[in-house]
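S.K.:
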Amino acid sequence: MKPVQMLDYVVILAYMLITLGVGVYFKKFNKGAADFFKGGNQIPWLVSGLSAFMTGFSAWTFTAASGIAYDHGIIIILLYLGNALTFLFGYWLFAARWRRARISSPMEYLSERFDQPTRQTFSWSTVFFDLFMVSVWLFALGKYVAVATQIPVTWVILGAGGIILAYCLVGGLWAVVVTDFLQGVILLPFTIILAFAAVYKIGGITEFITALPAEMLTVGHSEYSNWIFLVSWTMMVIFGYNTRAHAQRYYSVDTEKSAKKISLLNFVLFVLGAFIWFIPPMATRILYPDIAQMWPNASNPQEGAYAVISLTLLPHGLIGVMLAAIFSASMSNISSYYNLFSAIITTDI
93 MKPVQMLDYV
103 VILAYMLITL
113 GVGVYFKKFN
123 KGAADFFKGG
133 NQIPWLVSGL
143 SAFMTGFSAW
153 TFTAASGIAY
163 DHGIIIILLY
173 LGNALTFLFG
183 YWLFAARWRR
193 ARISSPMEYL
203 SERFDQPTRQ
213 TFSWSTVFFD
223 LFMVSVWLFA
233 LGKYVAVATQ
243 IPVTWVILGA
253 GGIILAYCLV
263 GGLWAVVVTD
273 FLQGVILLPF
283 TIILAFAAVY
293 KIGGITEFIT
303 ALPAEMLTVG
313 HSEYSNWIFL
323 VSWTMMVIFG
333 YNTRAHAQRY
343 YSVDTEKSAK
353 KISLLNFVLF
363 VLGAFIWFIP
373 PMATRILYPD
383 IAQMWPNASN
393 PQEGAYAVIS
403 LTLLPHGLIG
413 VMLAAIFSAS
423 MSNISSYYNL
433 FSAIITTDI
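According to this note's numbering, the sequence shown is numbered sequentially starting from 93.
1) Check whether the segment 286-305 and the segment 363-378 touch, using three or more Cβ-Cβ pairs below 8 Å as the test.
2) Between Phe-367 and the rest of its own chain, which residues show a CB-CB distance below 8 Å, the 5 nearest in sequence each way excluded?
3) At which residues does the alpha helix (DSSP H) containing His-408 begin and terminate?
4) Exposed or buried, Gln-394, counting other C-beta atoms within 10 Å across all chains shown (16 or more means buried)?
5) Would you call the segment 350-366 and the segment 134-146 in contact, with 3 or more CB pairs under 8 Å?
6) Using the C-alpha atoms, what's the distance from Asn-425 back to Phe-149?
7) Measure the beta-carbon distance from Leu-415 to Ile-110 and round it to whole angstroms, keeping in mind my assumption that it falls under 8 Å.
8) Could you tell me whether the segment 189-201 touches the segment 420-440, using the rule of 3 or more Cβ pairs below 8 Å?
9) For Tyr-259 versus Leu-364, is the C-beta distance shorter than 9 Å?
10) Considering only residues of the same chain and omitting the five flanking positions on each side of Leu-180, which have a CB-CB separation below 8 Å?
11) Hey, how far is the Cα of Phe-433 from the Cα of Gly-295?
12) Measure the CB-CB distance between Lys-130 and Tyr-343 and report whether it falls below 9 Å.
13) Quick test of the definition: if touching needs 3 or more C-beta pairs under 8 Å, does the segment 392-409 touch the segment 201-214?
14) Return the chain-ordered ranges of every alpha helix (DSSP H) run that is complete within the segment 137-165 and spans a minimum of 4 residues.
15) Between Leu-379 and the rest of its own chain, which residues show a CB-CB distance below 6 Å, the 5 nearest in sequence each way excluded?
16) Please decide whether Gly-174 counts as near chain D, where near means a Cβ-Cβ distance under 9 Å.
17) What ranges does the beta strand (DSSP E) occupy inside the segment 155-226, keeping only unbroken runs of at least 3 residues that lie completely in it?
18) Is the CB-CB distance between Ser-422 and Leu-230 below 9 Å?
19) Looking only at C-alpha atoms, which of Leu-265, Ala-289 and Gly-165 sits nearest to Gly-312?
20) Under DSSP, the alpha helix (DSSP H) around Met-328 begins and ends at which residues?
21) Exposed or buried, which one is Gly-115 when buried takes at least 16 other CB atoms within 10 Å?
22) Rank Ser-428, Val-239 and Thr-326 by C-alpha distance to the C-alpha of Asn-392 and give the top, closest one.
23) If Gly-159 and Ala-397 are in contact, beta carbons under 8 Å, what's the gap, nearest whole angstrom?
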């Protein structure tokens, strides 16, 4: 496993500067609240779709979820395939309706469908509770970067949070979705490359499957396979991927047809992601079966599995790109909710 070097830090810094530059550039697109919160309904469906995809996961995927892949194997792949299926609900039920609503905030329709107290209740509770969710994403990002670079978690959280806040504040939803799009263009190729590199390192797909412990290829042994967890997870992702920030992606495009294209694109990308994201930490289980020895003081060392395989297989420079890609996974998610919070506070509260 290689340490992070100066070249990798330069790549990360360049990525951050580009992100800030996008926010400054798209400032001119914002002529009013409609542009700032929903892109004037003129965001291309491909840009909004890839933004929705990037909003659908965070560094948690590459830390805690990768730890599940390291410990339990294919159960996490099946859970993420379930995530993909929820976008078919979006295609059939939600996408066109969100676009048809012609709103600036996901909470705005509540006063028309119900009443103003209902709108206020959901607005306040969404902002309050989702702040804790965003905190989890920032902490997951901090843990991943801390494992790879030894930078303190607190400094990562402060730095990443400040950068995200800056480009969201300046550029609005246009800056959010375009940076998400660029982040997706970075993330997808390198996670695919790492997945293939991990399988190649083991000796091929047959050797990879053979080398895995038998319990990692079944689902019944895991606490994540009990029906209470599965029902709770299903309800969470059905509503989570078809409301709030994802609803914002649906109503920011020009037509209902474009909104439905977003759902189909996300279905395809999440099916792909379910495999390419979790093959590397499963390969880490084969290469480093005693990962706890690498970080004896870590409370959950298995959550560093993705970072370990990245540092093992990638050359310097690409390590920096991969770290930037993981940054992007959380930054896109968090920036989407920053803009959503501002829309709710401005429009509904």
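For glycine and all other residues, C-beta sits at the position ideal for the given N, C-alpha and C.
M.R.: Once the coordinates are examined:
1) yes
2) Ile-169 and Ala-287
3) Unbroken run through His-408: none, as it is neither H nor E.
4) buried
5) yes
6) 7 Å
7) 15 Å between Cβ atoms; not a contact.
8) yes
9) no
10) Ser-355 and Phe-359
11) 47 Å
12) yes
13) no
14) 137-147 and 156-164
15) none
16) The structure shown contains no chain D; it is built from a single protein chain.
17) none
18) yes
19) Gly-165
20) 319-332
21) buried
22) Val-239
23) 6 Å
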